[in-house]
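For reference, the structure is listed below as structure tokens.
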Amino acid sequence: MELKGKKVLVFGSGISGIGAADLLGKEGALPIIFDGNDKLSEKDILHKTRGDYPLEVYIGELPKEVQLSLDLAVLSPGVPTDIPQVKRLYELGISVWGEVELAYQVGKGTVLAITGTNGKTTTTALLGKIMADHQDSVFVVGNIGNAYTSAASQMKEESVTVAEISSFQLETIETFAPHVSAILNITEDHLNRHHTMEEYIRVKELITKNQGCDDYCILNYEDEILRKFGENLTPRVIYFSSVRELDEGIFLRDGRIILRLDKKEIPFMKTQQLRILGRHNHENAMAAIAMAYVAGVSAEEICRSVCNFQAVEHRIEFVEEKDGVAYYNDSKGTNPDAAIKGIQAMDRPTLLIGGGFDKGSEYDEWIQSFDGKVRYLVLIGQTREKIQEAANRLGFHDCILAENLEEAVKICAKKAKPGDAVLLSPACASWGQFDNYEQRGNMFKEYVHSL
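For what it's worth, our numbering labels the leading residue of the sequence shown as 6, then goes sequentially.
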């Protein structure tokens, strides 16, 4: 779509919304920012924008005459597509994009895109490092914290964009077509947004929607949903597995990562050379390696980059050791499946801090994964009683309810013994107590440092 002179509604005034408005302004469009939160002020929103372009701002309600004048609407990822204001846009026949679609249509170069319930950020950061070590013009964007729209205007034909894409962002794509995509896993999450598991799966699989036969899709062979999904895809499928050798794909053999492709075996590093812990991170590394290799990076260059990669902040991040107790920040464990991977990575008795905003998840599998490692489960937030009830039902009774994260850290420090670990891995979103999981992780680190 030619954007110049078009009236475009930007729904939402967060990082993605502001990035979209700024990009539209650069492209000569006439952006209109709307935010339903009537506690915001027009001045605050205008202060966040960058660039000199005409901009209208509406808060609380969007006048009907403005709706009727629109050529396009761009939704921020946090705006559900089934709320009345968005349904009205569809009824009026207005094209509705997400900020990923907008950025893709403006941007240039090759796109490598990653989705999945868990592991997206680590895999995106790792692939971003590999590509940045390999060539000059690389952008790491998306759900990782850098708005895709803020980078799109800087992209050139030789650029590579490594994008972490959430289910919220995939709901509103139209032409978005990565050269290489990856779906790392699919487990229950965001059902408060997508309502059913079937819809969540459908949206995740949209990442392959526009890929052609010259493109690639990297899938987890050990995920039954994805194994079946890969059987009928247009792009070439490369599976990864951490538990078996594959006839074709990337797998582990005697602790070494091997890629078997076109009847050739390409050996990579041993997992003990990685600086990221846990089997789930071996899987993340395999996905990133496969993506980089089919994108044209040599095995030697990939090995060098991967072996120098440090863990992502807030994902099983070592904080420090005090009085013989190791503290780990896994604030990005925002659902039970991610938190399972956090506890599985621990190799010592653990005092676990969990709880937070209720996204409608069930916690039985998480509690069952403790496997004798968890000495105490210290719970905070909206879900603390719900999790305690599930734990008691499953025979785990060492739960302590805390008023807030600071108190939880102090309780753990008091009860921990030398040789123990204290792990913040909440299995819940941060909302209600914190702005986001990053703030929660940073506060945890502050409380640990001040013990």
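Even for Gly, the Cβ is constructed at its ideal location relative to N, Cα and C.
- Annotation for LYS337: HIS319, ARG320 and TYR442 place their beta carbon closer than 6 Å to its own, counting only its chain and skipping 5 residues before and after.
- The alpha-carbon separation between LYS134 and LEU67 amounts to approximately 42 Å.
- Pairing TYR298 with ASP403, the inter-Cα distance amounts to about 47 Å.
- A Cβ-Cβ contact shorter than 8 Å links ILE255 with ILE294.
- A distance of 8 Å or more separates the beta carbons of GLY41 and TYR58.
- By the neighbour-count criterion, in which a residue is buried when 16 or more other Cβ atoms sit within 10 angstroms of its Cβ, PRO272 is exposed.
- Selection GLY360, GLY377, ALA434 and VAL324 evaluated against LYS450 yields VAL324 as nearest (Cα-Cα).
- Within 10 angstroms of the beta-carbon of TYR95 lie fewer than 16 other beta-carbons, which makes it exposed.
- About 18 Å separates the CB atoms of ASN148 and LYS346; that is not less than 8 Å, and the two are not in contact.
- Rounded to the nearest angstrom, the Cβ distance from ASN151 to VAL145 is 6 Å, consistent with a contact under 8 Å.
- Beta bridge pairing from DSSP links LYS269 with LEU266.
- In the DSSP assignment, GLY30 falls within the unbroken alpha helix (DSSP H) covering 20 to 31.
- Below 8 Å, enough C-beta pairs join the region 244 to 264 and the region 283 to 290 to call them touching: three or more.
- DSSP places PRO36 in the uninterrupted beta strand (DSSP E) bounded by 35 to 40.
- Taking the Cα positions, SER366 is about 24 Å away from THR177.
- The three-state reading of DSSP puts GLU179 in coil, since its state is none of H, G, I, E or B.
- LYS378 has its alpha-carbon roughly 7 Å from the corresponding atom of ARG353.
- According to DSSP, residue pairing for TRP102 in a beta bridge involves VAL79.
- One thing to note: ALA118 has its Cβ within 8 Å of the Cβ of ILE170.
- CYS433 carries a coil assignment under DSSP once its states are collapsed to helix, strand and coil.
- Burial is judged here by how many other beta carbons sit within 10 angstroms of a residue's own beta carbon; ASP219 has fewer than 16 and is exposed.
- Secondary structure of THR86 (DSSP, three-state): coil.
- PHE362 and PRO183 have their C-alpha atoms spaced approximately 33 Å apart.
- DSSP, read as helix, strand or coil, puts MET274 in strand.
- Pairing GLY98 with GLY235, the inter-Cα distance amounts to about 34 Å.
- In this structure LYS209 touches ILE188 by the C-beta definition: roughly 6 Å separates them, less than 8 Å.
- When the beta-carbon positions are compared, SER303 and ASP138 stay at least 8 Å from each other.
- Sixteen is the threshold: when 16 or more other Cβ atoms of the shown chains lie within 10 Å of the Cβ of LEU382, as they do, the residue is buried.
- For LYS415, DSSP records no beta bridge to any residue.
- Counting only runs of 4+ residues, the alpha helix (DSSP H) found wholly inside the region 136 to 181 occupies 153 to 157 and 172 to 175, in chain order.
- The DSSP-derived three-state label of TYR58 is coil.
- For GLY103 and LEU80, the gap between their C-alpha atoms comes out near 5 Å.
- Relative to TYR452, the option among VAL427, CYS433, ALA434 and ALA432 whose CA is nearest is VAL427.
- Apart from the 5 residues on each side of it in sequence, GLU370 sits with its Cβ closer than 7 Å to the Cβ of PRO341 and ILE345 in its chain, given in chain order.
- For GLU306, same chain residues with a beta-carbon under 7 Å away, outside a window of 5 residues either side, are ASP138 and HIS139 in chain order.
- If you draw a 10 Å sphere on the C-beta of GLY400, you find fewer than 16 other C-beta atoms in it, and that means exposed.
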